[in-house]
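Colleague: Mind looking over this structure? Questions follow.
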Amino acid sequence: MQVRKGRNICRIFIGIAAFVLIAVGSLSLSGCGVVKRVKYEFSGSGEEGWDHAAIESGIVTGVEEYYYDHLPEELHEAYREIYVHVMKNEDSGDFLSKIGVDDFWRVYYGMLADHPEIFWIGSSAQVQQSGITGDVVSYKLEIIVPVEARQSMREKLEAAADACISQIPPEASTYEKIKYVYEYLIDTVEYSSQSADSQSIQSALLYYTSVCAGYSKAFQYILHRMGLFCTYVTGRTKNGGDHGWNMVRIDDLYYYVDVTWGDPVFANQMDGLDAGQTKNYNYLCCTEYDLFKTHEPGDSIELPPCTSDAYNYYKRNGRYYENYDYNTVYDALMNSVWNAESSIVMKFGSQEAYDSARYELFEGNLLDDPGQYLMEINGVNTWNYRYHTDDNFYLITIYW
2 MQVRKGRNIC RIFIGIAAFV LIAVGSLSLS GCGVVKRVKY EFSGSGEEGW DHAAIESGIV
62 TGVEEYYYDH LPEELHEAYR EIYVHVMKNE DSGDFLSKIG VDDFWRVYYG MLADHPEIFW
122 IGSSAQVQQS GITGDVVSYK LEIIVPVEAR QSMREKLEAA ADACISQIPP EASTYEKIKY
182 VYEYLIDTVE YSSQSADSQS IQSALLYYTS VCAGYSKAFQ YILHRMGLFC TYVTGRTKNG
242 GDHGWNMVRI DDLYYYVDVT WGDPVFANQM DGLDAGQTKN YNYLCCTEYD LFKTHEPGDS
302 IELPPCTSDA YNYYKRNGRY YENYDYNTVY DALMNSVWNA ESSIVMKFGS QEAYDSARYE
362 LFEGNLLDDP GQYLMEINGV NTWNYRYHTD DNFYLITIYW
C-alpha cells in the first residue's frame with residue numbers, strides 16, 4: 002500500500018458622533034481549519050492617545066518572538082499593546098495604537114503564533130474601527146477559558162510540560178531534546194478533529210487529543226520552557242487543507258518539524274490506510290525541500306531558508322541510502338531480523354534508488370532470505386509481512 006500525503010490604559014475620545022455598526026465577516030487561518038473572525042466598523046470621529054511607557058514597560062515575554070522580530074517596526078507598539086492587554090486578562094477594551102484592521106489581524110496573529118502559553122483566547126475576535134480614520138479603536142477577543150479558571154489551568158499546563166522535560170537527560174543536545182518532545186507528543190496525543198479547545202495547548206497536554214494547532218503549539222510551549230527557539234508556522238497542505246507546524250533552530254540553522262504528520266494515528270485517519278504504528282521521522286528537523294513536497298507555508302511572515310539536512314533522522318540512524326545497492330539493503334534486512342526488530346525503515350536518496358529498491362523488495366527476491374531466516378528463528382513454516390511506501394520521501398517501511 003502506498004501513502005501520498007498530498008496558526009488599564011486610558012483612552013481619550015473627543016467629539017463622538019453617532020455610531021452606525023456594520024458587521025463584516027472575514028476568515029482567519031488557525032491551523033487544521035478556518036475560524037471566522039468578525040470586525041465591526043462604525044462612523045464617527047475622535048482623537049485618541051495612549052501611554053507609550055505603559056505599553057513598552059509592560060510584561061517581559063521571556064521568549065524569542067519570531068513574528069514580532071519580523072514585523073515592520075511601525076507595528077511593534079501595536080503588537081506589544083495587544084500582548085499586554087491579553088496578559089492582563091483584558092479580553093475586551095479600547096485599542097489605542099493607530100493601525101487599520103488588516104494590520105490588527107497581522108499583529109494579533111503574530112502575537113498568538115509567538116506565544117503558545119496564551120491558551121485562554123482563540124484566534125477569532127471582534128473589532129471596531131473608526132469610520133473617519135479606519136483605525137481599530139476597540140476589540141473583543143474570543144474567550145476559551147474564563148478568567149477564574151486560568152490560573153489553575155496554567156499550573157496544570159506547566160506541570161504537564163515539566164513532566165515531559167523531566168524525562169530528558171540534562172546533558173541532551175538540542176536535537177535530542179527536540180526529538181524527545183516530538184516522540185513524547187506522538188506517544189501521548191491522539192489526533193481527533195473533535196478535540197475540545199483544539200487550537201490551544203490544553204487539548205494536547207491535558208486532554209491528549211488534538212489537531213495540528215494543538216500538537217504544534219504544545220511542541221512550541223515545551224521547547225520554550227527549555228529555553229529553545231521554536232515558532233509556529235501556518236499554511237496549507239498540497240491536498241488543500243489548512244495546516245500548522247513548527248520551525249526550530251539548531252546551531253544557527255533552521256529546520257521544520259511537523260509533529261502531527263509524524264503521528265501514525267493521523268496518517269491512518271488521513272489516508273484511510275493502515276500505515277502501522279511506526280512514527281514518521283520525515284517531519285523531524287526536515288528541510289524545506291522535503292517539507293514543501295506536501296506543505297505550503299502562508300505569506301504572513303518571512304521565513305528563513307531551511308536547507309540543511311544535518312539532522313535528518315534516517316541519516317543519523319544508518320537508515321539512509323543515497324544509492325541503491327543490493328548487498329547493502331540485504332545486510333540491513335538480515336540485521337533487522339537478527340535483532341528481532343518489529344519493522345525496518347529505509348530512506349533512499351533519489352527516485353531511481355527508491356524505485357530500484359521497491360522493485361527488488363516486492364517484485365524480486367530480496368526478501369526471500371530474510372523471510373527464511375525469520376521462519377527459522379521462530380520455528381514456523383510460513384511468514385507474513387506488511388509494507389508501507391511513501392513516494393514523496395522515498396521511504397519504505399517493512400513490518401515483520
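Using the numbering used here, read the sequence shown as starting at 2 and increasing by one per residue. Beta carbons: idealized from backbone N, C-alpha and C, even for Gly.
Since E149 is in the alpha helix (DSSP H), which residue starts that stretch and which ends it?
Modeller: 148-166
Colleague: If you check the beta carbons only, do Y69 and D115 fall under 8 Å apart?
Modeller: A contact, by the Cβ cut-off of 8 Å.
Colleague: Quick one, which of G101, D264, E82, V102 has its alpha-carbon nearest G94's?
Modeller: E82
Colleague: Taking H244 as the reference, give the member of D252, V258, Y388 with the closest Cα.
Modeller: Comparing Cα-Cα distances from H244 to each of D252, V258, Y388, the minimum goes to V258.
Colleague: Less than 8 Å between the C-beta atoms of R222 and A162, yes or no?
Modeller: Reading off the sequence shown, one finds Tyr at residue 222, where the question assumed Arg. Yes, these two residues count as a Cβ contact at 8 Å.
Colleague: Suppose the cutoff is 7 Å on Cβ atoms and the five residues either side in sequence are ignored; what does the same chain contact list for C165 look like?
Modeller: V182, Y185, I223
Colleague: Who are the near neighbours of R250 in its chain, counting only those whose CB is closer than 6 Å to its CB and skipping five residues on each side?
Modeller: F230
Colleague: Provide the residue(s) that pair with G101 in DSSP beta bridges, ordered along the chain.
Modeller: D136
Colleague: Between S98 and A79, how many whole angstroms is the CB-CB distance? I'm expecting something under 8 Å.
Modeller: 4 Å
Colleague: Please identify the residue among W401, H389, G365 whose C-alpha is closest to the C-alpha of I378.
Modeller: W401
Colleague: Can you give the beta carbon distance from L375 to Y327, rounded, assuming they're within the 8 Å contact cut?
Modeller: Incorrect: roughly 19 Å between the Cβ atoms, too far for contact.
Colleague: Can you check the stretch 232-257 for any alpha helix (DSSP H) of at least 4 residues that lies completely inside it and give the ranges in chain order?
Modeller: none
Colleague: At a cut-off of 7 Å, would you count M248 as near the ligand FMN, judging by its Cβ distance to the nearest heavy atom?
Modeller: Although the ligand FMN was asked about, the structure shown includes no ligands whatsoever.
Colleague: Would you tell me roughly how many angstroms separate the C-alpha atoms of W262 and G135, rounded to the nearest one?
Modeller: Straight-line Cα distance between these residues: approximately 41 Å.
Colleague: Cβ atoms of Y67 and T232: under 8 Å apart, would you say?
Modeller: yes
Colleague: Thinking C-beta only, is F349 closer than 8 Å to Y325?
Modeller: Remark: C-beta atoms of Y325 and F349 approach each other more closely than 8 Å.
Colleague: Between which two residues does the beta strand (DSSP E) holding R387 run?
Modeller: Per DSSP, R387 belongs to the beta strand (DSSP E) from 387-391.
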